[in-house]
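Data block below; observations after.
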Amino acid sequence: MVVLTAAGCAGASRPLQLLSGADLVYPDQARAAGVEGVVRVRYDVTVEGRVVNAQVDAADPVGVFDEAALALVRSWRFQPAVEDGVSVGAPARVSEIRFQLGDTDRYDRSVAVPE
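What follows is the structure, given as structure tokens:
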């Protein structure tokens, strides 16, 4: 990734951007049973781009994918948002992690705006 900075752009703004994260680990018991599901995780992103205070907000089925979803979200690293030229944290983020089986295990993630 290349980031260009120009003089005189102190008022620039940029949204929060996901840079990296670990691969999803699909729970063995859920895979063996053919179980799919979704977990909504609420968390904060620090000004350094790290996830803190991650917690399960909702899950279906309850308790099956919670730990895998939390581990995934905690592994994410972000380029912090910039407001008026200053990096800022992003509190109260919500992401939905969908666990689906198929030819390859996969997940869908979306980083939503605070509720």
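Everything in the sequence shown is counted per our numbering, starting at 1401 for the first residue and increasing by one. Glycine is no exception: its CB is placed at the ideal position from the N, C-alpha and C atoms. Small disclaimer: the values here were computed from a predicted structure and weren't measured.
Item                                                                                                           : Value
Euclidean distance between Cα positions of Leu1418 and Asn1453                                                 : 17 Å
Backbone CA spacing between Tyr1448 and Gly1489 [nearest angstrom]                                             : Looking at the sequence provided, one finds Glu at residue 1448 rather than Tyr. Looking at the two C-alpha atoms, the distance is approximately 8 Å.
Outcome for Arg1414 when other beta-carbon atoms lying within 10 angstroms are tallied against a minimum of 16 : exposed
Range of the contiguous beta strand (DSSP E) that encloses Val1456                                             : 1451–1460
Asp1413: first and last residue of the uninterrupted beta strand (DSSP E) it sits in                           : Inspection of the sequence shows that residue 1413 is occupied by Ser rather than by Asp. Taken as a continuous stretch (DSSP letters only), Ser1413 belongs to no beta strand (DSSP E), as it is neither H nor E.
First through last residue of the alpha helix (DSSP H) which encompasses Ala1422                               : Here Ala1422 belongs to no alpha helix (DSSP H), and DSSP marks it neither H nor E.
Straight-line gap, Thr1446 to Pro1480 (C-alpha atoms, nearest Å)                                               : 8 Å
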